[in-house]
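Numbering (our numbering), first residue to last: 6 to 158.
Each residue gets a CB set at the ideal place from its N, CA and C atoms; glycine is no exception.
All values reported here derive from a predicted model rather than from experimental measurement.
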Amino acid sequence: MRVPGPAAALATAGLVVAVDQATKQLVATNIARGDQVGVIPGLDFTNTRNTGVAFGALEGGGVIVAVLIGVSLALLLGYFAANRERPWLWLPVGMLLGGALGNLADRAREGAVIDFIDPIAWPAFNVADSSIVLGVLVLLWVVEEGPRRRRST
């Protein structure tokens, strides 16, 4: 059976970037910076900017943030290149790559990431952030599933 590879990962990344950038554009167009719109109880859309990484960590980190992103992407792509025959690995790689590229597009354009999904008692985030978090979870599952599958055969 042929395992989907780089093309599937790139298609996934492209989808993530498209949805991320479209939702950020909708927010930037329809909600003034700093304003909130209630979506459902406990969840607002807030037009805000984040110069740090996930959940505002390393706020204003500039060069440090860029280096961390670059190193993380290099490690991810290196792991994918070395393990591309592993079933389903293309999915988390695409999710992580798409999330990183979506946020990098914001940094290049605005100098900060547009965050807007704002639940109570949690920092604001966006579609790219969600894709990164889910991508890490799927990656952990895919990496762990390999040893389990080998033990059971």
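Could you spell out where the beta strand (DSSP E) holding G43 opens and where it closes? 41-45
So, at 6 Å on beta carbons, what are the nonlocal neighbours of K29 in its own chain, with the 5 sequence-adjacent residues on each side left out? I119
Given 8 Å, three or more beta-carbon pairs between the stretch 89-106 and the stretch 14-22: yes
Taking DSSP as the reference, what is the three-state secondary structure of L48? strand
Mapping the DSSP letters down to three states, classify T53 as helix, strand or coil. strand
For I122, which of helix, strand or coil comes out of DSSP? strand
Who pairs with F130 in a beta bridge, going by DSSP? I122
DSSP state of I69 mapped onto helix, strand, coil: helix
Expected contact under 8 Å - CB spacing of F121 and N131 to nearest Å: 6 Å
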